[in-house]
Every structure is written in structure tokens, then in C-alpha cells.
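Peer 1: The numbers in this note's numbering rise by one with no breaks, and the one at position 38 of the sequence shown is 42. From the three backbone atoms N, C-alpha and C, an ideal C-beta is built for every residue, glycine too. This is the structure I have questions about; it appears just below.
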Amino acid sequence: PVTPVTVKSGVAGEDAGILRDAPDSGLKVPRLAKRHRWVSVPADLFTAKRSPFWASKAKRHIDLNLFPDLVLPVSIDHAEVIGKGRYGAQGTIDGRPESRVLFAMAGDSLSVSVFDPILGSYVVEGVTPAHTIAYEVDDTAVAACGGGVQPFLDQDAMQAIAADRARSQSAVASPGGGATPAVEQYQNGTPVIDVMVVYSNDVLNYAGLSNVTSRIDLAFLEANSDFQRSGIAARLRLVHSEAIDAQEDGS
5 PVTPVTVKSG VAGEDAGILR DAPDSGLKVP RLAKRHRWVS VPADLFTAKR
55 SPFWASKAKR HIDLNLFPDL VLPVSIDHAE VIGKGRYGAQ GTIDGRPESR
105 VLFAMAGDSL SVSVFDPILG SYVVEGVTPA HTIAYEVDDT AVAACGGGVQ
155 PFLDQDAMQA IAADRARSQS AVASPGGGAT PAVEQYQNGT PVIDVMVVYS
205 NDVLNYAGLS NVTSRIDLAF LEANSDFQRS GIAARLRLVH SEAIDAQEDG
255 S
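In C-alpha cells:
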């Protein structure tokens, strides 16, 4: 049976949650948005002395006020420092263990991903340095996954592949005549896939560095959460990101 969510509907005033109303920006709304709302976010959401993300377990709770009729009570299960001025957190909607709420913050930019099998999916993201949007995802506009069923790689297979790659790397002679040390392939016994992310200068100039960084961090939090929930013994690790001089083709 599905546990109904305690939605705090009809709550008035600025104390209803972490998001604040912002004027309509007039900017283009994401294609996947079923409904949307322009918002602002407290810059010290993670760094304030009494930030709920670092509170004791009993007080690690926020109200995510996506819309006036949808205020989600979220319990934070885990929070972490990703890098300088960068934070991440994961939680669930109270009473809904199948839900997932992910937060990534870089500087003053907050990115949030909400999924619930009944309530649907919601996003909070910075569009430009001065504008942040919250929206409900229109599932009918999301393209279906394709490509068929891919081969499943369990942990033993991943470890065997990583070990074989490490042996190949260690066999390559260095300029000084010695062997090149094998690259670290594991973290706490879990195979790690290192990833570099690049984006165009057009994206950087429009969205701003903080928005780009928080979206990248959120994408990695989502992927690693999906791996864990799917029983996949691997994780992604961001090793580098930067803007490059590339032309946007609109795809």
C-alpha cells in the first residue's frame, strides 16, 4: 500500500519552506515543465550556523515548498561536502520510503531533484545567475529509453575488468625505465569510474559557473543514487570539469 504524503497545502507566508517567490523572469521555460514557478534560494542554505543539513538526525528536516499547493516534508538522510563551496544531500519525503530528494549547491546556486512513484518528478535549478525555476516534470514529454537491454555487469565482473586494466597500465614502462603505477580503481571496495565533464562557453556565459557546477554535481548524485538503488556495484567520480570553445548546434 502507498502511504499518502503529508502535503502542507494552503500554507501562506514566507515561512512555508526554503524557497521564496521571485518575479516572473520572462525567460523560456524548460520543455519538460508541466507547471513552473520562479523562486529564489537562501545563499546560506548549507552554510548557515543552524542549517538543517548538518543538524542532529531528529532535526535534519526541511519543508520543500515547490508550489503553494505542494510543500513536501523532507527528512535528510545524508549530507556531504563535495568540494570548496559545494555541497550535496539526499533524503526522502516523510512517510514515502520509495521517494528520493537530492540537493546540490555550489556557491549560491541550488539544484534539486525530486522523484516519487505517485507524486511524480520535480526539479529546482538555476537558469541564469539571477533566475531560479521550480517545475513539475511532464512525464509525457520525456523521451522513452531505447537501445534494448544491456548486459549486466556484477561486482565480480567489474573488479575483473578493473584488475585487468590495472595490470595493463602497470606493464607500461615509464620514461625513467620503471613501471607506471596502476591507477586507483576502487574506493572503499567499490569500482570507481572517473568522468570528465566539458561544456561550451555559451552555456557558461548564459547560466553562470555556480549553476553549471550545481547541475553537474546533481547529475553525479543522481547517477550514483541510481546505481545504489539498482544494486550496481560501481560509482561515478567527477575528476574535472571545464568550459571549452565549442559551437552549440541546438541538439
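Go to valine 85, then tell me how far its beta strand (DSSP E) extends in each direction, as first and last residue.
Peer 2: 74-87 is the span of the beta strand (DSSP E), which, as asked, contains valine 85.
Peer 1: Opposite threonine 217 in the DSSP bridges: which residues?
Peer 2: According to DSSP, threonine 217 bridges with nothing at all.
Peer 1: Under DSSP, the beta strand (DSSP E) around aspartate 198 begins and ends at which residues?
Peer 2: That run of the beta strand (DSSP E) goes 194-204.
Peer 1: Assuming valine 116 and valine 131 form a contact by the criterion Cβ under 8 angstroms, report the distance between their Cβ atoms to the nearest whole angstrom.
Peer 2: Not quite, the Cβ-Cβ distance comes to about 14 angstroms (not below 8 angstroms), so this is no contact.
Peer 1: Using 8 angstroms as the threshold, is the C-beta distance between alanine 247 and tyrosine 203 below it?
Peer 2: Against a cut-off of 8 angstroms, the Cβ pair of tyrosine 203 and alanine 247 comes out as a contact.
Peer 1: Just the Cα atoms here: how many angstroms apart are valine 176 and valine 196?
Peer 2: For valine 176, the predicted model reports a pLDDT of 47, less than 50, meaning its position is unreliable; a value from the coordinates is still stated below. For valine 176 and valine 196, the distance between alpha carbons rounds to 21 angstroms.
Peer 1: Within a Cβ cutoff of 7 angstroms, which residues of the same chain sit near threonine 194, ignoring the five residues on either side of it in sequence?
Peer 2: Taken in chain order, the residues that qualify are Ala237, Ala238 and Arg239.
Peer 1: Measuring only the C-alpha atoms, how far is valine 141 from tyrosine 126?
Peer 2: In a straight line, the C-alpha of valine 141 is about 6 angstroms away from that of tyrosine 126.
Peer 1: Assign arginine 1 to buried or exposed, taking buried as 16 or more other Cβ atoms, counted over all protein chains shown, within 10 Å of its Cβ.
Peer 2: Look at the range of the chain in this structure, 5 to 255, and you will see that residue 1 is not part of it.
Peer 1: So, using beta-carbon positions, are aspartate 67 and isoleucine 22 closer together than 8 angstroms?
Peer 2: Taking 8 angstroms as the Cβ cut-off, aspartate 67 and isoleucine 22 qualify as a contacting pair.
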